[in-house]
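Here the sequence shown is numbered in the numbering used here, starting from 24 and rising by one per residue. Idealized CB from N, CA, C, for every residue including glycine.
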Amino acid sequence: MIKVVIIEDEAPAAQKLKTLLSRHEEAVEVLAVLDSVEESAKWFRHFPMPDLIFMDVQLADGLSLEIFRQVSLTAPVIFTTAYDQYMLQAFRNNGIEYLLKPLDEEELRQALAKFRQFFQPRQEEGNGLEDKIRQLLQYVQPAQYKERFLVKTGQQLYYVNTADLACVYAEGKLVFAVDFAGKKHVMEDNLATLEQQLSPREFYRVSRHLMVHVKSVRRVHPWFSGRLKLDLQPAPDVDLEVSRDRVAGFKEWLGK
Numbered sequence: 024m025i026k027v028v029i030i031e032d033e034a035p036a037a038q039k040l041k042t043l044l045s046r047h048e049e050a051v052e053v054l055a056v057l058d059s060v061e062e063s064a065k066w067f068r069h070f071p072m073p074d075l076i077f078m079d080v081q082l083a084d085g086l087s088l089e090i091f092r093q094v095s096l097t098a099p100v101i102f103t104t105a106y107d108q109y110m111l112q113a114f115r116n117n118g119i120e121y122l123l124k125p126l127d128e129e130e131l132r133q134a135l136a137k138f139r140q141f142f143q144p145r146q147e148e149g150n151g152l153e154d155k156i157r158q159l160l161q162y163v164q165p166a167q168y169k170e171r172f173l174v175k176t177g178q179q180l181y182y183v184n185t186a187d188l189a190c191v192y193a194e195g196k197l198v199f200a201v202d203f204a205g206k207k208h209v210m211e212d213n214l215a216t217l218e219q220q221l222s223p224r225e226f227y228r229v230s231r232h233l234m235v236h237v238k239s240v241r242r243v244h245p246w247f248s249g250r251l252k253l254d255l256q257p258a259p260d261v262d263l264e265v266s267r268d269r270v271a272g273f274k275e276w277l278g279k
């Protein structure tokens with residue numbers, strides 16, 4: 024019996040996946056169907072880890088990759104998505120296969136065969152999940168993060184180095200970056216895209232509207248309802264709270 028969790032915010036897509044899994048030659052038990060980052064993080068904090076996770080990338084409340092920052096996932100993941108630009112990030116986060124929608128039954132069968140080959144227990148083997156994921160990752164090109172961004176002011180173009188950015192935040196429909204000199208730059212991409220372009224070792228998305236560089240964090244204060252309040256240098260003119268569902272991941276990131 025393969026115990027699986029499905030993370031998918033589109034009900035028809037989740038039902039199609041369940042139907043395809045029911046046709047598989049081995050018994051598959053769907054433990055839960057989760058439709059958001061918040062719900063998924065809560066589920067994994069309270070229930071045992073499944074054998075396998077099927078995960079869409081874009082959920083209603085953000086990218087599912089945020090789940091890995093909030094909780095420790097030790098199960099392999101088969102990503103199921105309509106977007107191909109997150110492939111490298113997926114393989115860096117327990118991904119063993121990346122299936123594009125609409126799902127193809129034969130591709131799903133092959134993905135499950137890969138799961139059986141690498142992850143179903145064998146008495147003669149003692150390798151853990153970490154070793155098996157390492158074997159898969161050696162065939163995947165390491166993620167490349169942007170070293171600079173092209174920005175525009177009036178009719179002029181210039182670039183800003185990623186290493187000079189203290190934080191990035193959304194304000195209405197615009198996204199701004201503030202460098203360590205306190206200068207504000209208008210960015211072309213949204214926060215979700217920038218989150219994939221910035222190294223997770225240096226930047227953390229503390230809320231839906233704000234990402235911070237580790238060197239910009241001066242102090243962290245307890246705040247209402249289990250949240251945290253940040254002192255940043257320089258400090259943008261926006262709310263500087265760490266969302267309650269991101270507190271655990273933020274502390275882990277800050278302490279690395």
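Using alpha carbons as the reference points, say which of the options lies closest to residue i.
i: Phe141; options: Trp276, Ala113, Arg68, Leu75; result: Leu75
i: Leu135; options: Glu31, Arg46, Glu170, Gly272; result: Arg46
i: Val183; options: Val191, Ile25, Phe172, Tyr192; result: Phe172
i: Lys196; options: Lys26, Glu225, Leu214, Pro35; result: Leu214
i: Phe138; options: Tyr168, Gln167, Val100; result: Val100
i: Glu128; options: Thr42, Asp260, Glu264; result: Thr42
i: Trp66; options: Leu88, Leu44, Ile30; result: Ile30
i: Ala113; options: Gln133, Leu86, Met24; result: Leu86
i: Phe247; options: Leu44, Glu264, Ala189, Asp260; result: Glu264
i: Glu194; options: Tyr109, Pro259, Met24; result: Pro259
i: Leu88; options: Glu52, Gln219, Met24; result: Gln219
i: Ala189; options: Gly177, Ser239, Glu170, Gln178; result: Ser239
i: Glu52; options: Ile25, Tyr109, Leu277, Ala34; result: Ile25
i: Leu44; options: Tyr109, Arg115, Gln133; result: Gln133
i: Thr185; options: Glu170, Val198, Thr176; result: Glu170
Near residue i, what residues of its chain come up, given a Cβ to Cβ distance below 7 angstroms and the 5 sequence neighbours on each side ignored?
i: Lys39; result: Leu126
i: Gln146; result: Summary for Gln146: the model assigns pLDDT 37, below 50, so the residue's position carries little reliability, and this model does not support an answer.
i: Arg242; result: Asp254
i: Glu225; result: His236, Val237
i: Gly118; result: Val100, Phe102
Output needed for residue i: all residues of its chain with C-beta closer than 8 angstroms, excluding positions within five of it in sequence on either side, in chain order.
i: Asp262; result: Ser230, His232, Leu233
i: Ala271; result: Gln93, Val94
i: Leu180; result: Leu173, Val174
i: Arg68; result: Val94
i: Tyr162; result: Low confidence applies to Tyr162: its pLDDT is 49, below 50, so where it sits in the model is not reliable, and the reading given next is rough at best. Contacts found: none.
i: Gln178; result: none
i: Phe70; result: Leu54, Ala55
For residue i, I'd like the list of residues in its chain whose CB is within less than 6 angstroms of its CB, leaving aside the five on either flank, ordered along the chain.
i: Met72; result: Thr97, Ala98
i: Ser222; result: Tyr168
i: Asp32; result: Asp58, Leu82, Ala83
i: Ile90; result: Val60, Ser63, Ala64
i: Glu148; result: Annotation note: pLDDT 44 at Glu148 (below 50); position unreliable, coordinate value reported separately. Counting only Cβ-Cβ distances below 6 angstroms, and skipping sequence neighbours, we find nothing.
i: Ala36; result: none
i: Val191; result: Ala200, Leu217, Met234
i: His244; result: Lys252
i: Trp276; result: Tyr227
i: Tyr109; result: Val80
i: Lys124; result: Ala105
i: Lys274; result: none
Report back the beta-carbon spacing between residue i and residue j to the nearest angstrom; my notes put them in contact at under 8 angstroms.
i: Ser228; j: Gly249; result: What sits at residue 228 in the sequence shown is Arg, not Ser. The Cβ separation is near 18 angstroms, so there is no contact.
i: Leu131; j: Leu122; result: 7 angstroms
i: Glu187; j: Asp202; result: In the sequence as presented, Glu is not what sits at residue 187; that position holds Asp. That belief holds up - the Cβ atoms of Asp187 and Asp202 are roughly 5 angstroms apart, short of 8 angstroms.
i: Ala50; j: Val28; result: The pair is not a contact, with the Cβ atoms about 16 angstroms apart (cut-off 8 angstroms).
Practice prompt. Counting only runs of 4+ residues fully inside the segment 209-257, write out the alpha helix (DSSP H) ranges in chain order.
Written response: 214-220
Fill in: Three CB pairs or more closer than 8 angstroms across the segment 222-239 and the segment 252-268
yes
Worksheet item: Is it true that the segment 103-120 meets the segment 80-92, where meeting means three or more beta-carbon pairs spaced less than 8 angstroms apart?
Response: yes
Worksheet item: Three or more C-beta pairs closer than 8 angstroms, one from the segment 201-213 and one from the segment 51-69: is that the case here?
Response: no
Item to complete: Taking only runs that begin and end inside the segment 58-122, name each unbroken alpha helix (DSSP H) of 4 or more residues, in chain order.
Response: 60-69, 90-93, 110-115
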